[in-house]
Structure formats: structure tokens, C-alpha cells
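Asker:
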Amino acid sequence: MKLLATFFLALFTVASMRAEGPEQTGPAKQTGGGLDPAVLLNPTPDSWPTYNGDYSGRRFSTLTQINDKNVKSLSLAWLYQLPSMGDGMVRRLAGTPIVVNGVMYITVPDHVWAIDARTSKPLWHYAWTSKGGIHLGNRGVGISGDSLYFETPDCNLVALNLADGTKRWSQSICDLDQMYYASVAPLVVKNHVITGVSGDDLDRPGFLEAHDPETGALQWRWSVVPSPGEPGSETWPDADAMAHGGGMTWISPTYDPELNLLYIGTGNPQPVIAGTGREGANLYTESIVALHADTGKMAWYFQPSPHDTHDWDAIQTPVLFEGVMEGKPRKLLAQASRNGWFFVLDRETGKNYVSSEFVKTNWTKGVDAKGQPIPNPAKEPQIPGVLVTPDSSGGVNWAPSTFSPKTGLFYINATRSFSMFYIYDDSQKPEGWGGHGIGVWSEAMLQAVDYRTGKIKWSHKWQTPGGESGLLSTAGNLVFAGDPNNNLVALDATTGNPLWHVNLGTGMSNGPITYELDGHQYLLVGAGDKLFAFVMN
Amino acid sequence: MIHVMRSTCLSFLLTATLAPLAAAGHAQSSQLPEGAHRDTVQRVCSSCHSVQMFTARKMSREQWGTTVSSMVARGAKINDDEFDQIVGYLATTFPLNGEAGTGAATTKQAKAPRRPSLIDQAGSDDKQIVDEDAAARGKTVYIAQCITCHGTRARGGSRGADLVRSVVVLHDRYGSTIGPYLTQGHPKSKPVELTQEQVKELSHFLHQQIGDTLRTGPYNNPLDILVGDAKAGKLYFENTGGCAKCHSVTGDLAHIAGKYAPPALQQKVVFPQNRAITKQGTASRQLVTTITVTTSSGTTVTGEPLNLDDFNVSLRDANGHYFSFACSPELKVEKHNPYAGHEALLDTYTDKDIHDVVSYLETLQ
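Sequence lines, in order, name chains C and W.
End of the first sequence = 626 in my numbering, gap-free, step of one.
End of the second sequence = 427 in my numbering, gap-free, step of one.
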């Protein structure tokens, strides 16, 4: 196997060296070959090798063949529909496809397909026999060497042979009986496969793990909620609350190779709505956390929603980029958080530079010395209801935002919404959710935020509510977004002006990606059970 | 929790409102049962999520109405007729304890009925299926043997562990782990002596308690929301809130409190688009949002919008005629939103305003 990987790597290297020149024909490259994890440090433009395309989470492509001048000429290359599994289920592509060596890897819960990225011809399909778990969505795969990794709803990390989809091994990563499930796209960092966990129906603590790529063995585990006596435990009332404190790791982390730090956003504390049994800030739920990639030890944290009681998971991708703050070049991290706030931090230290609202909210009393919002206790859920904006779905949900280093703008497919938040369980020890938010009004807009100030540079309001697709920005001065009416829209990244659209018939169910094959730039989006590949000819 | 994703419709996944869904394993192979308007449900709902998510849920007409209503807020394109069809199908096909169509309002006084909960979807496929009768017998075992230390809801206390969150209980199947634990490992005091049958019944009771804790459980209903000052609410209605500009307590709002239970009444005030189910069991009707399109030549068409985005606007006029236009700078589109007044209040309400005005409206029996 190792030999095979080396062979692939050699081919890959040759291919990379010859990648200049759009129409080059050279020695035949093996389609579907493996991926040296070192290449993840500088992904080639013919690939989209991780959930976010690279480690930074920017979802920005340097490709310019498709640009603001010619995007109107984009045409359909192929349309792929997931095959029926004969059970009457219509499945939804809720993850980001991975593209490596001309092959695309897509998932729905329990299923992985490899298809030819040029033609959509299916190459192989793997089906996992499930023992249960919530089959809501799967975010995709991770790849390293000649292996592919994905998580299953019934709490397994599964490794497949990249070439033919046969199983190498599987490893349990959570306990179904405790109502965890698994949906995250694993992230490969060096010799670690990083896995997160999902589920917040029963009060359980969240965690992030690293596994051995060859065997699946556990290398380290970081618990989101501390144990008694550890730092952060002072933000919980007692050991029992900590043991059930929540904080799921729903979305893949990002990674800075120089600092060797992973960045992960953590989910809501539990019980979710009724917070009376967990007084305090409830660290490290609702936090952006930096972890040493080889040990899982925490370097720093920043908490967007201290003591959350509105289900505002702070799991949105921590986006990494370089910028100037206070007159000096800095290594920065930004997050558009579900609670309606936008943050820019120094990713070496966690120091806060910007905290601003990207939609108007009504739940804070300003920010503290660290730049963290201070929740207004009057806006915690109450028995007779309290009006809060945003609602539980948040100013933005899981679907990825994007940052363009070219415009300096951070783009958010945002929602402004209200709910009445009720306490349903007024006992001394609420468990589970213990309440609910109900609201029936929202509006949707694409927000472009200047990272230096947090100010909205431009806002494009969609005509109707809904939507919330993921985003992609490119060096062609474009932002690609889904609107609430099933349109894939290309907008001028500088002005927000819509330049091109196509109606997909179904709402986009993931974030768009782009890559270049044979000298042609492709744009790929999923909508329901269909994948659309557009190409510039 | 992530929702569709509105997560998008994920976003519902991460979203909180909807209990996630899609049933796993064997349930996946089931089609939606036959029933009037099943096609509407398939067509409208499946664009965002698997319709199989319904099959493990049981709710009253009122609760289904709230759920579908919240989907409208998340972008589902449903007219009044379709709304009634969808809620009708769901309430008939997946009723709460066979109460299809009664629209029984949930009140604090009403005995909370049991219904299958999220535990039917979350967790493993081989999870214990609670036998309600056995659970009832198990409850008597629990009261006799366990309640003193473990509490009325089995959530524990200073003298006993929380059994709802107990991993021993979560791993249990029909007594498989709690039986051995009780005879060998029960801490401190004496081992508990129960018959095999009693252990099994106790197991059913404890698993029932776990299900009840989840967010689809029987405790998850509004409590008393009438905390406002009706007098202050009257003032707000007539003055500050500007409600009297459009509404009359002797006209359109006469006897409004007889139509809606308090939680629904509050939702109708704050979110009039909420198609809250009335005490009489019907969905509340919606005012029609219309648009007027004026072409470059000056012709105008007014009707209900069917599509409205940056590129196309389509509508059906009062005669049922369909019109579709490509958007351009010359094409003028004017929206007539009958709820604009309510929407403007979202940014100005205090919570006291809301509670006061609802308490005032509650006097309109």
C-alpha cells in the first residue's frame, strides 16, 4: 500500500510540475490517485482536497478564468443525479465534494460515491450498513495517501481505499446509546485524522479527536467541557452540569501549519434552552478554540456566546487569513457567528480586534474586555416568552461563509429573524431542551463585511426569506451564492451586483466549489440530490 | 443544534425548530402512508428535506400547524390551501394518540398525552421500544423502591444518581444492564431485590422517562404565558402600539380570546403569519400579500406573487391568470404587505408590551 502511495505521489508531483499551460498533454496521469498530506499545505488548482478546499477555511479560489467580465458565458458541463437506492428516500447533498486527481468524492449519510470529475461517470459506490443514528446530513470526506475517511450516523469513522471504495477499517468514535451521531467531514492534518461529533438531544459533552490514518487508533481527545478543577470549570456550577454540558463539534476545523494550531468552533451548551442548572459562561461551549494539532492541548479560546440559551452553536468555520491590524501585519482569524456577531481575532494569541453585528440583534449589553458579547439576562428564555433576534437558526447557520483576500471582504449569507423563546420545563433540574423558540418572520441577505472594521461594505437583500446556502469567492472578483428561490447567483465581489444566475429547481444544499481541469475552470454546486458542474469553455 | 440546516432547509440540521429527522434503518424503507394530499406533502416538503422525517413523529393538529408554519418562515412556498392540505395530511396520518382532527389546544391543565419522541429517531436502531403498560407497572416499582433517592422524574438528587442521564440505563435493553447492576452494584445501601419481571418493567419506565425528557416529549409545551397587565395592554393597543389603526376589539378582534388559546394568541400578535390552529381546530387564514407589476409601457398587473427574486417575478391575478416577467430596471414591482405594521413592531416592542397586549386581548372572550 505504501508503495502504491509513493507511486501516486510521484505521478502527482510530475503532474504538478507540468500543470502550467492549459492545454498541455503529457504522460497520462492516473485518474483517482492518492494524495500526499503534505500537498494539503498548498493545494493545486485542479483540486478541492478538503472540506474547505484548503486549511484556511476561506473558500476563496485564485482561479480567474471565470470572472466578472465573462461569467455570463458559464455553461453546464454535466448534471449528476444521485442514484435511487430503491427505498423511496430522496437524499440531499449537504456536504462539500472533494476533488483530487480528476475524481470527485461525494456523500450522503452512509454512502460515498466516486465520480469522474470531467464527466460525472460513477466509478464506485460504498454503502455502510447502519445501526442507527440521525441521518440528517453528511458533510463529506477527508483524504490522505490512498485512503478516504468519512463519518457515519451510527458513530463510526470509516476508512476506504481511494482507488476502489473497498473498506480498510472502521473505528467507533461515539456512543449511539447516548444519542451522539456523526456527520462531520474529517480533516487530515499531518498524520492525524481529526473527527468531530454531533447530536444534542440528550445532555452529553462534546469532543474533538485525532485518529491514526493507518489504523484508526485514537491519538488524542479534547473534551469541550472541562473536568472539575481544570481551567474553565469555574464557569460551571458543579461536576454534574459539566458532565452533561454539550458543546458538539459539528463542523470541520481549520489549521495553521506554521503555528501547528487547529481552530474549532463549538456548539451550544446543554440543557439547550433552559439554562438554570448551568449558571456561568459554560466554557468551552460556544467558543472558538485553538488546539495544538499533535496533542489536542488548548492554546487559547474566545467565546462568542457566553452562557448561551438560544441554541446558537458557534460552530461556524474559523476562517484564517493575513491582514493588517493596528498598523502591523497579523495572522488573523474571523468568524461570522450564529448569534449575529462577526469577530476578528489574532490567531496566535486569541486577542480580539473586531466584534460587530452583521445583522442587528437585541440580546447583548455590549462586549466585555475580551471583546465577547455580554448576554442580557432579560433576553434569556422565559415561561411567558421573550422576543429575541436572531432566532435559533441564527444570523447564519452551518453553511460556510467566504473571505476574499482580494477585496478584503468577508461574505455572509445572512438571515435576520425573531423568535419568542419559551421555557417549557420550569423544574429545578431541566434536562434536554426544556424550552423552545417559535417565530415566523425572517429576511435574508448577502452581507459583505470589511474585516478591518466590521462594517457592512455592501448588503444585497434577497427578495424573499429562506435560503442560506454556502458561499465561494474567487480572484475573478466573484462571489457565488444561493438565493432563497433556488437560484445560483454570481455577484460582483466588490459591489454586490448580481451578474449571472441559473435556477437549479431546488435550493443549494451545500457550498459551491471550483477547480480547473484540462485548462477549463469548473464551478460545482449541489442542490438536493443533484450536482451541477458549470464550465468556462 | 444545527438546522437545514433553514440549515436551509439545515440548515435544518443545525436548526433547532425541527426535530431532526430522517428516520434511520428500517424506517428508511417506508414510503409516506396513503392519505388525502400526500402528493402535496411530497411536492412541497421534499424540496428541502426527506419527508420520511415525519414518519416517526406524532403531533396534534395544532402542533403540526406550528411546525409547518415555521417552515413557511424558512422559505417554504405554501399557499393557504396547501397549508391546510399539508397540516390535514400530517394531523390525520401522524396524529397525537389518535386525536386526529380534534385540534385540542394544549393548556396547562390538560393532561399531557404521551407521544413517541425524538428517541425514536436518535440513538441506535435496536434501542428499547417502550411498552407503555409495562412502563406504568414499572412506575409502581419505581415509586415503591426508587423514588425517595432518585426523585419524581428519575433525575436524581443529593441521595441518588440521575437515572435519565445514566449510561447504565442508556445501554440497558429490557433490564439487561440494570438487572445485574441492581443485584451486584447498587451502591451504598442494600442490593435491590426485584423479580426479573419487575426489572423489565422498571426498565420500560426509565426508558419512558428518557423519552419524555427529549424535546418532543410531553413536557414540551408552553406554560402560563398570561403575565401581562391588561390595563397597560389596552393603552398600548390604543396608543403606543398603534394597533387600533387597523384593528377593533368590537370588530375583527371581537371574541378573539375564544378563538385562540393564549400561546397561539401571543404568536398571532407577534407573528401574524403564524397559521396557528384555533380552538375550533382550523388553521387561521392569512391575509394575502400582493404585488403590483408595472411594465415599461405602463400596464399594471396585481396579484399574489408566485416567484419573486432578482431575475423573475411571477404572479396570479384575481381572475386566476398567470403572468411572468423578467426583471429589468424598467419593470417596477411594488409589494403590498398587509403585515408590515406588525413587522415594524418587532424592532420596537418591549417584552412587557407583548405580554400586556396579549393579556388585554385575552379579556376579549
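For each residue, glycine too, the CB sits at the ideal point set by N, CA and C.
Owing to the predicted nature of the structure, the values given are computational and were not obtained by experimental measurement.
At what residues does the beta strand (DSSP E) containing residue 579/C begin and finish?
Answerer: As a position in the first sequence, residue 579/C is number 490, starting the count at 1. Element bounds for residue 579/C: 576 to 581.
Asker: Checking 8 Å against the spacing of the C-beta atoms, do residue 564/C and residue 152/C come in under that value?
Answerer: Locating residue 564/C in the first sequence gives position 475, where the first residue counts as 1. Locating residue 152/C in the first sequence gives position 63, where the first residue counts as 1. Contact annotation: residue 564/C and residue 152/C have beta-carbon atoms nearer than 8 Å.
Asker: DSSP three-state call for residue 100/W: helix, strand or coil?
Answerer: As a first step, residue 100/W is located in the second sequence; it is residue number 38 there, counting from the start. Reduced to three states, the DSSP call for residue 100/W is helix.
Asker: Where are the beta strand (DSSP E) runs, 3 residues long or more, that stay fully inside the region 493 to 580 of chain C, in chain order?
Answerer: Within the region 493 to 580 of chain C, the complete beta strand (DSSP E) segments of 3 residues or longer fall at 498 to 512, 524 to 539, 545 to 550, 561 to 563 and 567 to 571, listed in chain order.
Asker: By the three-class DSSP mapping on this structure, what secondary structure does residue 301/C have?
Answerer: Along the first sequence, read from residue 1 onward, the residue named residue 301/C stands at position 212. In the structure shown, residue 301/C sits in coil (DSSP, three-state: anything other than H, G, I, E or B).
Asker: Check whether the Cβ of residue 396/C lies closer than 8 Å to any Cβ atom in chain W.
Answerer: Along the first sequence, read from residue 1 onward, the residue named residue 396/C stands at position 307. Chain W places no beta carbon closer than 8 Å to that of residue 396/C, leaving this residue out of the contacts.
Asker: Inspect the CB distances between the region 322 to 340 of chain W and the region 366 to 382 of chain W and report whether three or more fall short of 8 Å.
Answerer: no
Asker: My assumption, with CB atoms under 8 Å, is that residue 314/C sits in contact with residue 334/C. Please give the rounded CB distance.
Answerer: Residue mapping note: residue 314/C aligns to position 225 of the first sequence, counting from 1. Residue mapping note: residue 334/C aligns to position 245 of the first sequence, counting from 1. About 4 Å; that satisfies the 8 Å criterion.
Asker: Which one or two residues does DSSP pair with residue 344/C in a beta bridge?
Answerer: As a working note, residue 344/C is residue 255 in the first sequence. 351/C.
Asker: CB-CB under 6 Å to residue 363/C, same chain, minus the five flanking residues each way: which ones, in chain order?
Answerer: Looking up residue 363/C in the first sequence gives position 274. Excluding residues within five positions, the ones whose Cβ falls inside 6 Å are 512, 514, 519, 523 and 524.
Asker: For residue 203/C versus residue 188/C, is the C-beta distance shorter than 8 Å?
Answerer: In the first sequence, counting from the first residue as 1, residue 203/C sits at position 114. In the first sequence, counting from the first residue as 1, residue 188/C sits at position 99. Result no, Cβ atoms of residue 203/C and residue 188/C do not sit closer than 8 Å.
Asker: What would DSSP say about residue 197/W, mapped onto helix, strand or coil?
Answerer: For the purposes of this step, residue 197/W is identified with residue 135 of the second sequence, where counting begins at 1. Reduced to three states, the DSSP call for residue 197/W is helix.
Asker: Please report the distance separating the alpha-carbon of residue 622/C from that of residue 569/C.
Answerer: Residue 622/C sits at position 533 when you count from the first residue of the first sequence. Residue 569/C sits at position 480 when you count from the first residue of the first sequence. Spanning the two alpha carbons is a distance of roughly 13 Å.
Asker: My guess is that residue 186/C and residue 137/C are in contact by the Cβ rule of under 8 Å, so how many angstroms apart are they, rounded?
Answerer: On the first sequence, residue 186/C is found 97 positions in, with the first residue counted as 1. On the first sequence, residue 137/C is found 48 positions in, with the first residue counted as 1. The Cβ separation is near 7 Å, so the contact holds.
Asker: CA-CA distance, residue 123/W and residue 149/W?
Answerer: Translated into positions along the second sequence, residue 123/W becomes position 61. Translated into positions along the second sequence, residue 149/W becomes position 87. Each residue's Cα considered, the two are about 7 Å apart.
Asker: Is the Cβ-Cβ distance between residue 207/W and residue 254/W less than 8 Å?
Answerer: Translated into positions along the second sequence, residue 207/W becomes position 145. Translated into positions along the second sequence, residue 254/W becomes position 192. For the pair residue 207/W and residue 254/W, the CB atoms are nearer than the 8 Å cut-off.
Asker: Do the region 397 to 416 of chain C and the region 353 to 360 of chain C make contact, defined as three or more Cβ pairs closer than 8 Å?
Answerer: yes
Asker: With which residues is residue 105/W paired in a DSSP beta bridge?
Answerer: Numbered from 1 along the second sequence, position 43 holds the residue referred to as residue 105/W. Residue 105/W pairs with nothing; no bridge assigned.
Asker: For residue 560/C, tell me which candidate among 583/C, 566/C and 571/C has the shortest Cα-Cα distance.
Answerer: Position 471 of the first sequence, counted from the first residue, corresponds to residue 560/C. Of the candidates 583/C, 566/C and 571/C, the one whose C-alpha sits nearest the C-alpha of residue 560/C is 571/C.
Asker: Quick one, are the C-beta atoms of residue 344/W and residue 398/W less than 8 Å apart?
Answerer: Walking along the second sequence from the start, residue 344/W turns up at place 282. Walking along the second sequence from the start, residue 398/W turns up at place 336. It is not a contact, given that the beta carbons lie outside the stated cut-off.
Asker: Can you pull out the residues from the region 208 to 242 of chain C whose beta carbon lies closer than 9 Å to at least one beta carbon of chain W?
Answerer: 219, 220, 221, 222, 223, 224, 225, 226 and 242
Asker: Could you say if the region 471 to 480 of chain C and the region 455 to 462 of chain C meet the contact criterion of at least three C-beta pairs nearer than 8 Å?
Answerer: no
Asker: Output yes or no for whether 8 Å exceeds the beta carbon distance between residue 229/W and residue 243/W.
Answerer: The sequence position of residue 229/W within the second sequence is 167, counting from 1. The sequence position of residue 243/W within the second sequence is 181, counting from 1. Against a cut-off of 8 Å, the Cβ pair of residue 243/W and residue 229/W comes out as no contact.
Asker: What residues from the region 349 to 383 of chain W come within 7 Å of chain C, judged by C-beta to C-beta, listed N to C?
Answerer: 369, 370, 371, 372 and 373
Asker: According to DSSP, simplified to helix, strand and coil, what is residue 325/W?
Answerer: To locate residue 325/W, count along the second sequence from 1; it is residue 263. Residue 325/W: helix per DSSP, three-state reduction.
Asker: At what residues does the beta strand (DSSP E) containing residue 187/C begin and finish?
Answerer: Counted from its first residue, the first sequence places residue 187/C at position 98. From DSSP, the beta strand (DSSP E) with residue 187/C extends over 187 to 189.
Asker: Between the region 230 to 247 of chain C and the region 292 to 304 of chain C, can you find at least three pairs of beta-carbon atoms closer than 8 Å?
Answerer: The region 292 to 304 of chain C, when compared against the region 230 to 247 of chain C, does touch it at the 8 Å Cβ threshold.
Asker: Flag this pair as yes or no: are the beta carbons of residue 140/W and residue 103/W separated by less than 8 Å?
Answerer: Here residue 140/W refers to the residue found at position 78 when the second sequence is read from its first residue. Here residue 103/W refers to the residue found at position 41 when the second sequence is read from its first residue. Against a cut-off of 8 Å, the Cβ pair of residue 103/W and residue 140/W comes out as no contact.
Asker: If you measure from the beta carbon of residue 184/W to each beta carbon in chain C, is any gap under 8 Å?
Answerer: As a position in the second sequence, residue 184/W is number 122, starting the count at 1. Residue 184/W counts as touching chain C.
Asker: Along chain W, which residues have their Cβ under 8 Å away from the Cβ of residue 475/C?
Answerer: One-based indexing of the first sequence puts residue 475/C at position 386. Here the neighbours are 413.
Asker: Helix, strand or coil for residue 256/C, going by three-state DSSP, please let me know.
Answerer: By one-based count along the first sequence, residue 256/C stands at place 167. In the structure shown, residue 256/C sits in a strand (DSSP, three-state: E or B).
Asker: Tell me, please, whether the CB atom of residue 590/C is closer than 8 Å to any CB atom in chain W?
Answerer: Sequence index remark: in the first sequence, residue 590/C carries index 501 (1-based). With 8 Å as the cut-off, residue 590/C counts as an interface residue toward chain W.
Asker: Does DSSP classify residue 155/C as helix, strand or coil?
Answerer: Mapped onto the first sequence, residue 155/C falls at position 66. Residue 155/C: coil per DSSP, three-state reduction.
Asker: Look at the alpha carbon of residue 121/C and the alpha carbon of residue 229/C, and state the distance between them as a whole number of angstroms.
Answerer: For the purposes of this step, residue 121/C is taken as the residue at position 32 of the first sequence. For the purposes of this step, residue 229/C is taken as the residue at position 140 of the first sequence. Taking the straight line from one Cα to the other gives about 17 Å.
Asker: Mind checking who residue 232/C pairs with in its DSSP beta bridge?
Answerer: Your numbering for residue 232/C matches position 143 in the first sequence. Answer is 237/C.
Asker: Give a yes or no on whether 8 Å exceeds the smallest Cβ distance from residue 408/W to chain C.
Answerer: Indexing the second sequence from 1 puts residue 408/W at position 346. Residue 408/W counts as touching chain C.
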